[in-house]
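Okay, so here's the structure we're looking at.
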Amino acid sequence: MRFHAGEMDTIEKDPRHRLAYTLYDESDGLQPGTQMWQNGAAGVRDMAGRIWVANGPSMTIIDPQQLREARRAAPPNLEAITVNGDHVDPAAVRRFANGSTVQIEYAALSLSATSKLRFRHLLEGADPDWVYDAAGRRAAYANLRAGDYRFRVSTSEGGEWTDPSPQWMFTVDPPFYLSNWFLITAGTLLVGALVAGTKLRVRAVKARYALVIAERTRVSREIHDTLLQSLAALGPELEALATRVPSRDVGLTSELRRLRRQVDRSVRDARESILELRRTLMGTPRLVESLSQLADDTETRHGVRPTVAVVGRRPGDASPDVDLQLFRIAQEAVANAIRHAHPTRIDLSVAYNDNQVALTIADNGCGFDPRAPINGSHDSEHFGLVTMRERAERVGGRLRIESVPGTGTTVHTVASLTNEWQ
Amino acid sequence: MAVASRPIRVLCVDDHRLMREGVAKIVGVQPDMEVVAEASNGEQAVAQFLACRPDVTLMDLQLPITSGPEAIRRIRQLDDCARIIALTMYRGDEDIHRAFEAGAMGYVLKDTISDDLIHVIREVHAGRRVVAPDIQQALDERARHPALSLRERQVLELVAEGMRNKEIAAALGISTDTTGMHVKNIYTKLDVHDRTAAVAKAIRRGIIRIE
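Chains as they are written, first to last, in my numbering: chain A, 1256 to 1677; chain B, 2 to 212.
Quick look at the structure:
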């Protein structure tokens, strides 16, 4: 065996370095036999620089001038390739199914020294590093996953490794459920199904909504054309009656006038309900929007602009009925304040938490004594309070009215947001 | 001084018989007024006006066949001194504006008719225009906002029917882009940000009719 002295230094620095050497054997003229050691020396160098080595019964003379360097080994060949037990032609077949087992046998022709021939192989994609001197000069891989592979093999006769340029490249196809066309097709189908499903649902909701709209339109027209007009006509009739009552019967006149006012008020309520029906055809407006509208209207009609403060966010799935009922309560409370308390300031506030909403309407008007009995001339206002309470109860809440004469009135209610939408 | 003792002669136009009867009673109890004729649609109103030449005409705005504002306009064309009072259920600024634009001199809401009617009849008969403070406020508010064009009003009516831009475009024979532009202009003019708010505001202001 022969190597450059520098190789030792290299190995000392890098223990993983593979020694580059040249091996000499019988093919080079070495005589078989056991090496004899004499006086601690395995050989003797003569004047000409030749080395004499005693080899048992024979003698080997090495002339370093004559020594040839290690030959370049012949490049290896792929002898046989089996995929899943079948022989394949590496030039023709390059694609295999997922999970294939591949076995490659290789060999190289050495004209002189088969004994010195060494092999290494590497399947890029499967082997982490070169595999040296595999038993049987064979590489076997079971259950290959999808991907591109390059099989390389090179030989050496002790010196340089032959160029391990890729000898065979092949591809293992992914299973059908991972293939691109399958993923694209499946994705397209899934999206298509979602779109179709959504469209169907939207169409169903629209159809149902159209029915609701038609019905509301019919009801509002019906009430407007019949009930509201008849009710409105009652007002002048009662007024005419009140005028005709003999002047001595003052009680009857005021009673008729009270009835007439109540009728006028009912007309207003009914008209607002009809407007509301039409407005809600487009969906119930959110409480805060309605309150802003109420603030605008109040300012336009009465010159007082209520402030609107909001804390928290309205959950998206809150019942629209809560919006409507709380708005009605606010509307009534503001109307009462304007009509009786002459406030210079009205504050509306809404506070949401996860399952409740609180509404407060506070004014700085003249206030009233909530415990005082409501006298006859305020029947319709009494009716308004009752309605407010009913609305609060409908959305799972209670109405609280606090008022002190001279310091204003606060109307407060808390409604449940988890109320079923009816 | 000789004051004309002839009572104020009133023509009452309303498509609801009960309302006409109510008005007749409330006018009838006044010693200096009488309802001399009635009509239940716009066509009849014009005919009755020509037939009996009333001093004051009470005109409901929501009338079949010929609308209230249209009847007011025709009567004013026949007689530019005709004194007409609009009578309506609604207080939207667009309704009020249309009535005054057509030539009405007074405006009475049906829910305050018992309190206001007699006073307004006397004022209008005397040649004065009567605009209650809240009515005036509504008109002022309207004046602050630019009016919708005819096309925008058509688009808005279809929005209120729940139509989408594409459907509106098809219904009006215009492009979807043009429709979108109209809708945007409507938002700007009504000072709103979405369809729901636009329709709600249009109904409140009487730009879209309840019919």
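Using N, Cα and C, we set each Cβ at its ideal position, and we do this for glycine too.
Assuming residue 93 of chain B contacts residue 207 of chain B (C-beta within less than 8 Å), just tell me the rounded distance between them. 2 Å
Boundaries of the beta strand (DSSP E) in which residue 146 of chain B is found, first to last residue: Premise fails: residue 146 of chain B is in no beta strand (DSSP E) and is neither H nor E.
Report the option in A/1299, A/1501, A/1275, A/1522 whose CA atom is closest to the CA atom of residue 1319 of chain A. A/1299
Could you say if the segment 131 to 142 of chain B and the segment 107 to 121 of chain B meet the contact criterion of at least three C-beta pairs nearer than 8 Å? Contact between the segment 131 to 142 of chain B and the segment 107 to 121 of chain B is present, because at least three Cβ pairs lie under 8 Å.
Go through its chain and collect everything with a Cβ distance to residue 1667 of chain A's Cβ below 6 Å, but skip five positions before and after it. 1615, 1655
If we define contact as Cβ-Cβ less than 8 Å, is residue 117 of chain B a contact residue for chain A? no
Quick check: the segment 1439 to 1447 of chain A against the segment 1358 to 1365 of chain A, are at least 3 beta-carbon pairs closer than 8 Å? no
What residues in the segment 135 to 148 of chain B have a beta carbon less than 8 Å from any beta carbon of chain A? 135, 138, 139, 142
Between the segment 1504 to 1517 of chain A and the segment 1563 to 1572 of chain A, are three or more C-beta pairs nearer than 8 Å? no
From the beta carbon of residue 29 of chain B, is the nearest beta carbon of chain A less than 8 Å away? At least one chain A Cβ lies under 8 Å of residue 29 of chain B.
Under 8 Å by beta carbon: chain A residues contacting residue 22 of chain B: Listed along the chain, the chain A residues whose CB falls inside 8 Å of the CB of residue 22 of chain B are 1488, 1492.
The beta strand (DSSP E) spanning residue 59 of chain B covers which residue range? 57 to 61
Whose C-alpha, out of B/102, B/141, B/82, is nearest the C-alpha of residue 129 of chain B? B/82
Mapping the DSSP letters down to three states, classify residue 1619 of chain A as helix, strand or coil. coil
Chain A contact for residue 185 of chain B (CB, 8 Å cutoff): no
Let me know if residue 1479 of chain A comes out buried or exposed under the rule of 16 or more other beta-carbons within 10 Å of its beta-carbon. buried
Which residue spans inside the segment 1561 to 1603 of chain A form an unbroken alpha helix (DSSP H) run of at least 4? 1575 to 1591
Cβ pair residue 143 of chain B, residue 98 of chain B closer than 8 Å: Their beta carbons are under 8 Å apart, which means residue 143 of chain B touches residue 98 of chain B by this criterion.
Just to confirm the assignment, what range does the beta strand (DSSP E) spanning residue 1361 of chain A have? 1357 to 1362
Extract the residue ranges of the beta strand (DSSP E) inside the segment 86 to 147 of chain B, only unbroken runs of 3 or more that lie entirely within it. 107 to 110
Taking only the alpha-carbon atoms, compute the straight-line gap between residue 21 of chain B and residue 139 of chain B and give it to the nearest angstrom. 27 Å
Same chain, Cβ closer than 6 Å to residue 1306 of chain A, neighbours up to 5 away in sequence not counted: 1298, 1300, 1317
Identity of the residue in A/1481, A/1502, A/1509 nearest residue 1493 of chain A by Cα: A/1509
Interface residues of chain B around residue 1498 of chain A at Cβ under 7 Å? Against chain B, a Cβ distance below 7 Å from residue 1498 of chain A picks out 30.
If you measure beta-carbon to beta-carbon, which residues of the segment 1420 to 1440 of chain A are closer than 7 Å to chain B? none
Flag this pair as touching only if the segment 1399 to 1410 of chain A and the segment 1422 to 1431 of chain A have three or more C-beta atom pairs under 8 Å; answer yes or no. yes
Quick check on the DSSP output: the beta strand (DSSP E) that includes residue 1427 of chain A runs from which residue to which? Under the DSSP assignment, residue 1427 of chain A falls in the beta strand (DSSP E) whose first and last residues are 1423 to 1427.
Distance cutoff 8 Å, beta carbons only. Does residue 1563 of chain A sit that close to anything in chain B? no
Can you list, in chain order, the residues of its chain with a C-beta nearer than 8 Å to that of residue 1631 of chain A? Leave out the 5 residues immediately preceding and following it. Residue confidence for residue 1631 of chain A is low, a pLDDT of 47 falling below 50, so the modelled location carries little weight; the figure read from the coordinates is stated next. Here residue 1631 of chain A has 1513 as same chain residues with Cβ atoms under 8 Å from its own Cβ, once five neighbours each way along the sequence are excluded.
Beta strand (DSSP E) segments (min. 3 residues) lying fully within the segment 1401 to 1487 of chain A: Look at the segment 1401 to 1487 of chain A and you find these whole runs of beta strand (DSSP E), each 3 residues long or longer: 1402 to 1411, 1423 to 1427.
For the structure I just gave you, are there three or more beta carbon pairs, one from the segment 62 to 81 of chain B and one from the segment 111 to 123 of chain B, closer than 8 Å? no
Taking residue 1259 of chain A as part of the beta strand (DSSP E), name the residues at either end of that continuous run. Careful: residue 1259 of chain A lies outside any beta strand (DSSP E) and carries neither H nor E.
Measure the alpha-carbon distance for residue 1 of chain B versus residue 1448 of chain A and round it to whole angstroms. The first residue shown for chain B is 2 and the last is 212, placing residue 1 of chain B beyond what the model contains.
Three-state secondary structure (DSSP) of residue 1614 of chain A: Residue state, collapsed to three classes: strand.
So what does DSSP say about residue 1266 of chain A, is it helix, strand or coil? Note: residue 1266 of chain A maps to helix in three-state DSSP.
Residue-chain proximity (residue 113 of chain B, chain A), Cβ-Cβ < 8 Å: yes
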